[in-house]
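Enquirer:
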Amino acid sequence: MNIDLTGKNALVCGSSQGIGKAAAEELALLGANITLFARTESSLREVLQGLDQSKGQHHNYLCADFSNPEQVQQIVAGYLALQQTVFHILVNNTGGPPGGPITNATPQAFLQAYNNHLICNQLLAQTVLPGMKAAQYGRIINIISTSVKAPIAGLGVSNTTRWAVAGWAKTWANEVGQFGITVNNVLPGYTATQRLYSLIDARAAAAQTTPQAIAADMVNSIPARRFAQPHEVAVAVAFLASPAAAYINGINLPVDGGRTDTL
Numbered sequence: 092m093n094i095d096l097t098g099k100n101a102l103v104c105g106s107s108q109g110i111g112k113a114a115a116e117e118l119a120l121l122g123a124n125i126t127l128f129a130r131t132e133s134s135l136r137e138v139l140q141g142l143d144q145s146k147g148q149h150h151n152y153l154c155a156d157f158s159n160p161e162q163v164q165q166i167v168a169g170y171l172a173l174q175q176t177v178f179h180i181l182v183n184n185t186g187g188p189p190g191g192p193i194t195n196a197t198p199q200a201f202l203q204a205y206n207n208h209l210i211c212n213q214l215l216a217q218t219v220l221p222g223m224k225a226a227q228y229g230r231i232i233n234i235i236s237t238s239v240k241a242p243i244a245g246l247g248v249s250n251t252t253r254w255a256v257a258g259w260a261k262t263w264a265n266e267v268g269q270f271g272i273t274v275n276n277v278l279p280g281y282t283a284t285q286r287l288y289s290l291i292d293a294r295a296a297a298a299q300t301t302p303q304a305i306a307a308d309m310v311n312s313i314p315a316r317r318f319a320q321p322h323e324v325a326v327a328v329a330f331l332a333s334p335a336a337a338y339i340n341g342i343n344l345p346v347d348g349g350r351t352d353t354l
């Protein structure tokens, strides 16, 4: 099975922590040149130092605020023009919207979430598409959520935004598959990240109970009886980025320990 990414360039969004960081690490282990992309430069520098270089890779990072989609696009387009290079792999990944019931959500909350996710994804995909076409190799992988399969209570804005991204991705998959480009979604379940623990704290406060009690209830809802580690989600991303996954296109891949009830 060919999972070698030597010579491939990957842009990994949200890679200063959590699943994005783990995805960058796994892609580097397969030989890819990694460009980290997130908001906090100090964190990116730290992640950069830990990326594998055993296959002679060259790694870099870019900084932008994903609440400003135009800035995100301009920085990536400028980098590609300056370096005279292409990205063969794009990992779209941004921190999720704040939790809360949909009945309390404001229009601004939806607009902000759509900007951070759908609009940034669209602009980034458009920016890297010409290079992928020229290389006849492209992998666009969106890290979303199992809420694409079944809504998660208390995440009204997130549920809505994730569905929009899933529909967007399937449409892209249909249009660019002929060019050797695949577009797929990875759907993490409960994963041990800062985002998860923030949600646990918020639920505990709302229910007037302890974070430990909320976490225990969540773990008991998972057949695997534990939270995922970020690298367990990242290996799915790495496989979908590989040559071996060339005929996998337009799918939603749950990585959730069996928690999602739908088929």
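Each residue of the sequence shown is one higher than the one before, starting from 92 at the first, in this note's numbering.
Cβ atoms here follow ideal geometry from the backbone N, Cα and C, with glycine treated the same way.
In this text the structure is predicted, and so the values were computed from the model without any measurement.
Three or more C-beta pairs under 8 Å: does that hold for the region 165–183 against the region 131–145?
Expert: no
Enquirer: Three or more C-beta pairs under 8 Å: does that hold for the region 112–126 against the region 92–103?
Expert: yes
Enquirer: Name the DSSP bridge partner or partners of Y152?
Expert: Counting from 1 along the sequence shown, the entry for residue 152 is found at position 61. Y152 pairs with L127.
Enquirer: For V267, which three-state DSSP category applies?
Expert: Start at 1 with the first residue of the sequence shown, and residue 267 comes out as number 176. If DSSP states are grouped into helix, strand and coil, V267 belongs with the helices.
Enquirer: How many Å lie between A255 and L209 at the Cα?
Expert: The sequence position of residue 255 within the sequence shown is 164, counting from 1. The sequence position of residue 209 within the sequence shown is 118, counting from 1. Near 7 Å, if we compare the C-alpha coordinates of L209 and A255.
Enquirer: Out of curiosity, what's the CA-to-CA distance linking T353 and S289?
Expert: Against the sequence shown, residue 353 aligns to sequence position 262. Against the sequence shown, residue 289 aligns to sequence position 198. Taking the straight line from one Cα to the other gives about 26 Å.
Enquirer: Report buried or exposed for E117, applying the criterion of at least 16 other Cβ atoms within 10 angstroms of its Cβ.
Expert: Indexing the sequence shown from 1 puts residue 117 at position 26. So E117 ends up on the buried side.
Enquirer: Measure the CB-CB distance between I339 and T273 and report whether it falls below 8 Å.
Expert: Within the sequence shown, residue 339 is the residue found at index 248, counting from 1. Within the sequence shown, residue 273 is the residue found at index 182, counting from 1. Here I339 is near T273, since their CB atoms are less than 8 Å apart.
Enquirer: Per DSSP, G229 is paired with what?
Expert: Taking the sequence shown and counting its residues from 1, the one referred to as residue 229 is at position 138. As computed with DSSP, G229 is found in a beta bridge with I272.
Enquirer: Taking the C-alpha atoms as reference points, what is the distance between N233 and V277?
Expert: What you label residue 233 is simply residue 142 of the sequence shown in a count that begins at 1. What you label residue 277 is simply residue 186 of the sequence shown in a count that begins at 1. So the alpha carbons of these two residues sit roughly 6 Å apart.
Enquirer: Look up G191 in the DSSP assignment and give the residues it is bridged to.
Expert: Within the sequence shown, numbered from 1, the residue matching residue 191 stands at position 100. DSSP, once it has assigned bridges, lists L246 as partnering G191.
Enquirer: Is the region 168–176 touching the region 225–245, taking contact as three or more C-beta pairs under 8 Å?
Expert: no
Enquirer: Give me the DSSP bridge partner(s) of N343.
Expert: The sequence position of residue 343 within the sequence shown is 252, counting from 1. Answer by DSSP bridge pairing, in chain order: N276.
Enquirer: Does the contact criterion of 3 or more C-beta pairs under 8 Å hold for the region 210–221 versus the region 147–167?
Expert: yes
Enquirer: Compute the distance between the beta-carbons of A325 and A101, then report whether it is under 8 Å.
Expert: The count along the sequence shown starts at 1 and reaches residue 325 at position 234. The count along the sequence shown starts at 1 and reaches residue 101 at position 10. Contact: no.
Enquirer: Express the C-alpha separation of G147 and S236 in angstroms, rounding to a whole number.
Expert: Counted from its first residue, the sequence shown places residue 236 at position 145. Counted from its first residue, the sequence shown places residue 147 at position 56. Distance between the alpha carbons of S236 and G147: 34 Å.
Enquirer: For a test of the three-state rule: what should DSSP assign to V177, helix, strand or coil?
Expert: By 1-based counting over the sequence shown, the position of residue 177 is 86. In this structure, V177 counts as coil in the three-state DSSP scheme.
Enquirer: Using the Cα positions of G271 and F330, report the straight-line distance between them to the nearest angstrom.
Expert: Within the sequence shown, the letter at position 180 stands for residue 271. Within the sequence shown, the letter at position 239 stands for residue 330. Cα-Cα distance, rounded: 16 Å.
Enquirer: With a 10 Å radius around its C-beta and 16 neighbouring C-beta atoms as the bar for buried, classify H149 as buried or exposed.
Expert: Working through the sequence shown from its first residue, we reach residue 149 at position 58. With fewer than 16 Cβ atoms within 10 Å of its Cβ, H149 is classed as exposed.
Enquirer: Whole angstroms are fine: how far does the CA of V219 sit from the CA of T131?
Expert: Position 40 of the sequence shown, counting from 1, holds the residue named residue 131. Position 128 of the sequence shown, counting from 1, holds the residue named residue 219. Looking at the two C-alpha atoms, the distance is approximately 23 Å.
Enquirer: Do you know whose CA, among A172, A336, M309 and Q269, lies nearest A244's CA?
Expert: Along the sequence shown, read from residue 1 onward, the residue named residue 244 stands at position 153. If we check each option's Cα against that of A244, M309 comes out closest.
Enquirer: Please return the same chain residues whose Cβ sits closer than 6 Å to the Cβ of G105, not counting the five positions on each side in sequence.
Expert: As a position in the sequence shown, residue 105 is number 14, starting the count at 1. The residues are G111, A129, N184 and T185.
Enquirer: Between the Cα of M223 and the Cα atoms of T251, S249, G191 and L171, which residue gives the shortest distance?
Expert: For the purposes of this step, residue 223 is taken as residue 132 along the sequence shown, with counting starting at 1. Nearest option by C-alpha distance: L171.
Enquirer: Looking at T351 and G268, is the spacing between their C-beta atoms short of 8 Å?
Expert: As a position in the sequence shown, residue 268 is number 177, starting the count at 1. As a position in the sequence shown, residue 351 is number 260, starting the count at 1. Not closer than 8 Å, so no.
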